[in-house]
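What follows is one structure encoded as structure tokens, with my remarks underneath.
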Ligand SMILES: Nc1nc2c(ncn2[C@@H]2O[C@H](COP(=O)(O)OP(=O)(O)OP(=O)(O)O)[C@@H](O)[C@H]2O)c(=O)[nH]1
Ligand SMILES: [Mg+2]
Ligand SMILES: [Zn+2]
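Residue numbers (the UniProt record's numbering): 1 to 299.
Have a look at this one:
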């Protein structure tokens with residue numbers, strides 16, 4: 001039976017690109033239930049599947065291959081790179097949300113880069129300060145603008161050969177940046193529909209777009225809230241790269257860097273080596289996580 005990759009999921013259909021001929025897209029339904037370790041799973045965009053296509057167009061997804069990673073929001077499997085898109089302005093940069101996204105990509109084991117859009121709306125020095133902060137944490141940060149095209153080529157190079165997903169709040173410019181990187185893909189953006197007078201356009205589903213050079217990039221709908229699902233307190237601590245690098249030097253294994261004595265993270269914070277807002281956000285997420293665990297306690 002042929003194999004392929006789900007490139008779009010819409011209204012109960014899965015659109016599978018045939019691995020032998022990726023330009024051939026077969027519209028499939030799911031056949032039966034899929035299970036992994038006893039739990040029911042549903043096919044996701046990004047999944048490698050075995051499918052059956054009795055005729056050239058319609059078929060069935062028969063099997064889902066083991067996933068290398070899975071993101072809940074946006075809902076997508078087997079991502080190699082998460083491109084976390086934040087605008088300098090409109091909407092304002094939110095380090096809180098960025099840190100939250102980073103927790104999720106770290107927890108899912110997915111490499112992430114940070115892309116700042118609309119850099120044309122930000123003072124140069126504010127931009128460099130932000131870039132320096134997160135580079136120190138351990139991430140690549142690329143400021144971009146579709147107006148003067150800064151950073152556009154650099155982001156493109158990051159995507160080649162991977163399954164990359166663009167994630168970020170609504171209106172930050174994910175679709176616009178993809179249009180700038182790949183002329184010809186013509187994704188609809190906020191701007192265009194304003195001209196048509198139909199209100200702001202917003203992306204509504206996850207879809208993989210094939211790159212000429214190999215790989216796929218996924219445009220996704222904007223979102224701004226995330227729950228800490230399937231995470232322990234220690235997972236949360238380990239999802240902060242700047243903390244994790246230092247945790248070997250904490251006195252206690254499994255240190256959560258909050259009230260423990262001889263904690264290398266608290267020492268680094270005192271010494272100004274850890275960005276203060278990162279630590280503040282960590283404490284806030286820990287509260288949220290504890291609240292979540294209390295609410296969802298299994299008796
Ligand atoms: N000044 C400036 N505006 C930009 C830039 N990039 C995008 N915009 C504007 O930002 C608005 C939103 O852009 P979209 O690309 O639709 O945003 P999106 O992230 O895809 O939004 P959703 O699909 O709702 O998640 C549009 O009006 C764009 O013209 C930029 O580099 N500079
Ligand atoms: Mg969009
Ligand atoms: Zn510690």
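C-beta atoms are modelled at their ideal positions from N, C-alpha and C, and glycine is treated no differently.
Only a predicted model underlies this, so the values are computations on that prediction, with no experimental measurement involved.
query	result
Closest by C-alpha distance to residue 284, when choosing among 253, 241, 267, 237	237
Proximity winner among 226, 175, 190, 229, relative to residue 301 (alpha-carbon distances)	In this structure the chain extends from 1 to 299, so residue 301 is not present and cannot be described.
Rounded C-alpha distance that separates residue 193 from residue 187	Confidence at residue 193 is low in this model, with a pLDDT of 49, below 50, so its placement is unreliable and the value that follows should be read with caution. Taking the straight line from one Cα to the other gives about 11 Å.
Where the alpha helix (DSSP H) containing residue 243 begins and where it ends	241-244
Start and end residues, beta strand (DSSP E) containing residue 28	25-30
Other residues of its chain near residue 28: CB distance less than 6 Å, five sequence neighbours each side excluded	14, 16, 51, 59, 60, 61
Any non-hydrogen atom of ligand 1 closer than 8 Å to residue 219 Cβ	yes
Cβ-Cβ distance between residue 159 and residue 111 below 9 Å	no
Which listed residue (123, 290, 45) has its alpha carbon closest to that of residue 87	123
Three-pair Cβ contact test at 8 Å for the segment 89-98 versus the segment 231-248	no
Residues near residue 222 in its chain [Cβ-Cβ closer than 6 Å; skip 5 each side]	169, 170
7 Å CB neighbourhood of residue 89 in its chain, flanking five on each side removed	118, 121, 122
Proximity of residue 48 and residue 64 at Cβ, strictly below 9 Å	yes
Burial state of residue 163 (16 or more Cβ within 10 Å)	buried
Selection from 55, 40, 103 that minimises the alpha carbon distance to residue 1	55
Three-state secondary structure assigned by DSSP to residue 219	strand
Coil, strand or helix - residue 287 by DSSP	helix
According to DSSP, residues forming a beta bridge with residue 6	16
Given residue 147 as reference, the closest of 207, 173, 35 once Cα atoms are compared	173
Sequence-ordered residues whose beta carbon comes within less than 5 Å of a heavy atom of ligand 3	250, 255, 257, 263, 265
Whole beta strand (DSSP E) elements within the UniProt domain "CP-type G" (68-226), 3-residue minimum	81-87, 111-117, 140-143, 163-167, 207-210, 216-219
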